[in-house]
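Trainee:
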Amino acid sequence: MILLSLFNILVETIYFLFFPLLYLFLKQKNYVASIKAEGEDIHKGILFHSASMGELTAIKALVTKHLQEHPEVKLCITTSTVTSCAEANKISPKVKGFLSVLDLPHLRNRQLKRINPGLICIVETEIWPNMLLWAKRNKVPVLFLNARMSKSTLRGYRLLKFLFRHLQSPITEIHAQSKDDAKRYRKIFNRPVYVSGNLKFSLTLKDYNAEELRKKWGYKSDDFIICWGSSRPGEEALLISLYPSLKEVIPNLHLIIGLRHPRRLEEVIELMDNYSYSCFTMRKEYSRAEDILIIDTLGILDQAYCICDIAIVGGSFYDFGGHNPLEPAYYKKPVVIGPHHYSCKESVKKLKVAGGIIISNKDDLLADLIALYKNKELREKMGKAAKKVLTENAHTLDIYLKALEKWLKEK
677 MILLSLFNIL VETIYFLFFP LLYLFLKQKN YVASIKAEGE DIHKGILFHS ASMGELTAIK
737 ALVTKHLQEH PEVKLCITTS TVTSCAEANK ISPKVKGFLS VLDLPHLRNR QLKRINPGLI
797 CIVETEIWPN MLLWAKRNKV PVLFLNARMS KSTLRGYRLL KFLFRHLQSP ITEIHAQSKD
857 DAKRYRKIFN RPVYVSGNLK FSLTLKDYNA EELRKKWGYK SDDFIICWGS SRPGEEALLI
917 SLYPSLKEVI PNLHLIIGLR HPRRLEEVIE LMDNYSYSCF TMRKEYSRAE DILIIDTLGI
977 LDQAYCICDI AIVGGSFYDF GGHNPLEPAY YKKPVVIGPH HYSCKESVKK LKVAGGIIIS
1037 NKDDLLADLI ALYKNKELRE KMGKAAKKVL TENAHTLDIY LKALEKWLKE K
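Here's what the structure looks like:
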């Protein structure tokens, strides 16, 4: 605790010394709210902290179901990104979303005091010392939900093990996604750890009429659409390099690229210009794509997955860890993912066993896409298998609901 206090003093001093520069930086990135400590009193309700869109997507079904069963319990969500904060506010009028503050004592204390939670649920990976310290001092229980921990994260946390052991008293339970995650958490925390499964399997997305949605987006029913979702740097160039060869085999081909970070839009448009390909964005009111559509509107990647014929999950062909392959699986799409999928390893493993996903690489991607194009029966079989994985693992939602129920009974 002494070391944490000394560290906080050092960081707070740096914060106030360089506050003008920090403020300008955060303003440029649209993150000023991270130092405003915004919040609204939820009267001892439940605060969920989810880092980004992936974590938020994972808990949507849990939050919605809990609201239905316990409308009297107020809920709040803090997130680490502007995008996920905006999405959190769309879940329900009864749920408020706020941008999480920087983990500095004066900011963390101010925000948590304003929110006034009776339970803090930390989703997946982010463990903030000053959040745990506030919970300890205010006797607020903490649950880790859908918890996961990679080998590299474990190495980093081991350096802080002594600190976490001093801060672990408010943690009542840790609900891990897998046995491997549970083992890693036990190496850091001396608290009850359970293997409760991955909440992402309880995914609930909006059901669309695919044909009507295709028309709305400007596509014909016989257009063949490949959607690369949550693309990261390098992946757009990879797809574009394959485009001429794909077009030779698939004359009615259309590409959709859903950027993981929309702020990269100009960078990707410049890339298209270098290849002399025309592209358009959603802000052109769904005008028909001559070559490539780049999604620059938040919250509609699910629609792109719904209308596509093949879904490629980004962040996996270069070392970014991969993104959620269960979203296209929800719409019964054949899924292709790269070799770097350690952030969604369990989901990929289950999809692979079921036959709903192809693990490809930069060298084999062209051949894999062409093979899928030529085999409609295989595409349909993979799509059904992928959807079945979600259906068979939907019970994980009940496990997490019971964890919240336990807190309500002990309240």
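Its first residue numbered 677, the sequence shown is counted upward by one per residue in our numbering. Quick reminder that beta carbons are idealized off the backbone N, C-alpha and C, glycines included. Keep in mind it's a predicted model, so treat the numbers as computed, not measured.
1. Restricting to Cα atoms, I'd like to know which of 777, 745, 740 is closest to residue 771.
2. Residue 718 and residue 765 look like a contact to me (Cβ under 8 angstroms); what is the Cβ gap, rounded to whole Å?
3. What are the boundary residues of the beta strand (DSSP E) that includes residue 804?
4. Would you report the Cα separation of residue 902 and residue 1012, rounded to the nearest angstrom?
5. Which full runs of the beta strand (DSSP E) of 3+ residues lie inside the stretch 861 to 889, going along the chain?
6. With a threshold of 16 other CB atoms inside 10 Å of the CB of residue 1086, please say whether the residue is buried or exposed.
7. Would you kindly work out how many angstroms separate the C-alpha atoms of residue 847 and residue 738, rounded to a whole number?
8. Distance, Cα to Cα, residue 859 vs residue 873?
9. Assuming the contact rule is C-beta atoms closer than 8 angstroms, residue 855 and residue 1023 should be a hit. Round their C-beta distance to whole Å, please.
10. Three or more C-beta pairs under 8 angstroms: does that hold for the stretch 905 to 917 against the stretch 989 to 999?
11. Find out if the Cβ-Cβ distance for the pair residue 773, residue 721 is shorter than 8 angstroms.
12. What residue range does the alpha helix (DSSP H) around residue 782 cover?
13. Spatial neighbours of residue 870 within its chain, please: C-beta separation below 6 angstroms, excluding the five flanking residues on both sides.
14. Is the separation between the beta-carbon of residue 997 and that of residue 1016 shorter than 8 angstroms?
15. Going by DSSP, which residues form a beta bridge with residue 957?
16. Pull up the distance between the alpha-carbon of residue 957 and that of residue 762, whole angstroms please.
17. Grouping DSSP H, G and I as helix and E and B as strand, with all else coil, what is residue 851?
18. Sorted by chain position, which residues of the same chain lie with C-beta nearer than 6 angstroms to residue 1055's C-beta, five sequence neighbours on each side aside?
19. So the candidates are 837, 967, 816, 827; which of them puts its Cα closest to the Cα of residue 849?
20. Taking only the alpha-carbon atoms, compute the straight-line gap between residue 835 and residue 736 and give it to the nearest angstrom.
21. With C-beta atoms as the reference, is residue 904 less than 8 angstroms away from residue 988?
22. Can you tell which of 818, 727, 921, 889 has the C-alpha that lies nearest to the C-alpha of residue 865?
23. Are the beta-carbon atoms of residue 1008 and residue 1050 separated by less than 8 angstroms?
24. Which full runs of the beta strand (DSSP E) of 3+ residues lie inside the stretch 973 to 1052, going along the chain?
25. Going straight from the alpha carbon of residue 1069 to that of residue 946, what length do you get?
26. Give the straight-line distance between the Cα atoms of residue 750 and residue 786, rounded to the nearest whole angstrom.
27. Let me confirm a value: residue 754 is counted as buried when at least 16 other C-beta atoms fall within 10 Å, else exposed. Which label applies?
28. Which stretch, first to last residue, makes up the alpha helix (DSSP H) that contains residue 726?
29. Tell me the residue span of the alpha helix (DSSP H) that contains residue 757.
30. Where residue 922 and residue 824 are concerned, what is the direct C-alpha to C-alpha distance, given to the nearest angstrom?
31. How is the alpha helix (DSSP H) around residue 730 delimited, first residue to last?
32. Based on the DSSP output, what are the partners of residue 935 in its beta bridges?
33. Name the residue from 1021, 733, 822 whose alpha carbon lies nearest to the alpha carbon of residue 879.
34. Does the beta-carbon of residue 769 have 16 or more other beta-carbons within 10 angstroms, so that it is buried, or is it exposed?
35. So who's on the other strand from residue 798, going by DSSP bridges?
36. Hey, how far is the Cα of residue 807 from the Cα of residue 784?
Mentor: In brief:
1. Taking the sequence shown and counting its residues from 1, the one referred to as residue 771 is at position 95. Taking only the C-alpha atoms, the option nearest residue 771 is 740.
2. Reading the sequence shown from its first residue, position 42 is the one you call residue 718. Reading the sequence shown from its first residue, position 89 is the one you call residue 765. Incorrect: roughly 14 angstroms between the Cβ atoms, too far for contact.
3. Translated into the one-based positions of the sequence shown, residue 804 becomes position 128. Secondary structure note for residue 804: it is in no beta strand (DSSP E), with a DSSP letter that is neither H nor E.
4. To locate residue 902, count along the sequence shown from 1; it is residue 226. To locate residue 1012, count along the sequence shown from 1; it is residue 336. Rounded to whole angstroms, residue 902 to residue 1012 spans 10 angstroms at the Cα level.
5. The qualifying runs are 869 to 871.
6. Looking up residue 1086 in the sequence shown gives position 410. It is exposed - the Cβ of residue 1086 has fewer than 16 other Cβ atoms within 10 Å.
7. For the purposes of this step, residue 847 is taken as residue 171 along the sequence shown, with counting starting at 1. For the purposes of this step, residue 738 is taken as residue 62 along the sequence shown, with counting starting at 1. Taking the straight line from one Cα to the other gives about 20 angstroms.
8. On the sequence shown, position 183 is the one that residue 859 refers to. On the sequence shown, position 197 is the one that residue 873 refers to. Distance between the alpha carbons of residue 859 and residue 873: 14 angstroms.
9. Taking the first residue of the sequence shown as position 1, residue 855 is located at position 179. Taking the first residue of the sequence shown as position 1, residue 1023 is located at position 347. A Cβ-Cβ separation of about 15 angstroms leaves residue 855 out of contact with residue 1023 under the 8 angstroms criterion.
10. Segments in contact, yes.
11. Sequence index remark: in the sequence shown, residue 773 carries index 97 (1-based). Sequence index remark: in the sequence shown, residue 721 carries index 45 (1-based). No.
12. Counting from one through the sequence shown, the residue named residue 782 turns up at place 106. Residue 782 -> alpha helix (DSSP H) spans 781 to 791.
13. Against the sequence shown, residue 870 aligns to sequence position 194. The beta carbon of residue 870 sits closer than 6 angstroms to those of 851, all from its chain and outside the five residues before and after it, given in chain order.
14. To locate residue 997, count along the sequence shown from 1; it is residue 321. To locate residue 1016, count along the sequence shown from 1; it is residue 340. Yes, Cβ-Cβ distance for residue 997 and residue 1016 is below 8 angstroms.
15. Position 281 of the sequence shown holds residue 957. DSSP output for residue 957 lists 970 as bridge partner(s).
16. Translated into the one-based positions of the sequence shown, residue 957 becomes position 281. Translated into the one-based positions of the sequence shown, residue 762 becomes position 86. The straight-line gap from Cα to Cα measures roughly 20 angstroms.
17. Within the sequence shown, the letter at position 175 stands for residue 851. If DSSP states are grouped into helix, strand and coil, residue 851 belongs with the strands.
18. As a working mapping, residue 1055 is identified with position 379 in the sequence shown. The answer, listed in chain order, is 1010, 1048.
19. As a working mapping, residue 849 is identified with position 173 in the sequence shown. Checking every option, the nearest Cα to that of residue 849 belongs to 816.
20. Locating residue 835 in the sequence shown gives position 159, where the first residue counts as 1. Locating residue 736 in the sequence shown gives position 60, where the first residue counts as 1. If I take the Cα positions, the gap works out to 33 angstroms.
21. In the sequence shown, counting from the first residue as 1, residue 904 sits at position 228. In the sequence shown, counting from the first residue as 1, residue 988 sits at position 312. Yes; because the gap between Cβ atoms is below 8 angstroms, this pair is in contact.
22. Counting from 1 along the sequence shown, the entry for residue 865 is found at position 189. When each option's Cα is compared against that of residue 865, the closest is 818.
23. Locating residue 1008 in the sequence shown gives position 332, where the first residue counts as 1. Locating residue 1050 in the sequence shown gives position 374, where the first residue counts as 1. Cβ distance not < 8 angstroms, so residue 1008 and residue 1050 don't count as in contact.
24. With a minimum length of 3 residues, the continuous beta strand (DSSP E) runs that stay inside the stretch 973 to 1052 are 986 to 989, 1011 to 1013, 1033 to 1035.
25. Position 393 of the sequence shown holds residue 1069. Position 270 of the sequence shown holds residue 946. Those two C-alpha atoms are separated by around 42 angstroms.
26. The residue you call residue 750 lines up with position 74 of the sequence shown. The residue you call residue 786 lines up with position 110 of the sequence shown. So the alpha carbons of these two residues sit roughly 19 angstroms apart.
27. Within the sequence shown, the letter at position 78 stands for residue 754. Residue burial annotation: residue 754 is buried, with at least 16 other C-beta atoms found within 10 angstroms of its C-beta.
28. As a first step, residue 726 is located in the sequence shown; it is residue number 50 there, counting from the start. Where residue 726 is concerned, there is no enclosing alpha helix (DSSP H), although the beta strand (DSSP E) it sits in stretches over 722 to 726.
29. Reading the sequence shown from its first residue, position 81 is the one you call residue 757. Where residue 757 is concerned, there is no enclosing alpha helix (DSSP H), given that its DSSP letter is neither H nor E.
30. Mapped onto the sequence shown, residue 922 falls at position 246. Mapped onto the sequence shown, residue 824 falls at position 148. Rounded to the nearest whole angstrom, the CA to CA distance from residue 922 to residue 824 is 37 angstroms.
31. As a position in the sequence shown, residue 730 is number 54, starting the count at 1. From DSSP, the alpha helix (DSSP H) with residue 730 extends over 729 to 745.
32. Position 259 of the sequence shown holds residue 935. The partner list for residue 935 (beta bridge, DSSP) reads 907.
33. Position 203 of the sequence shown holds residue 879. Out of 1021, 733, 822, 733 has the C-alpha closest to the C-alpha of residue 879.
34. For the purposes of this step, residue 769 is identified with residue 93 of the sequence shown, where counting begins at 1. By the 10 Å Cβ count, residue 769 comes out exposed.
35. In the sequence shown, the residue the question calls residue 798 occupies position 122. Secondary-structure assignment with DSSP links residue 798 through a beta bridge to 725, 820.
36. One-based indexing of the sequence shown puts residue 807 at position 131. One-based indexing of the sequence shown puts residue 784 at position 108. Taking the CA atoms as reference points, residue 807 sits about 7 angstroms from residue 784.
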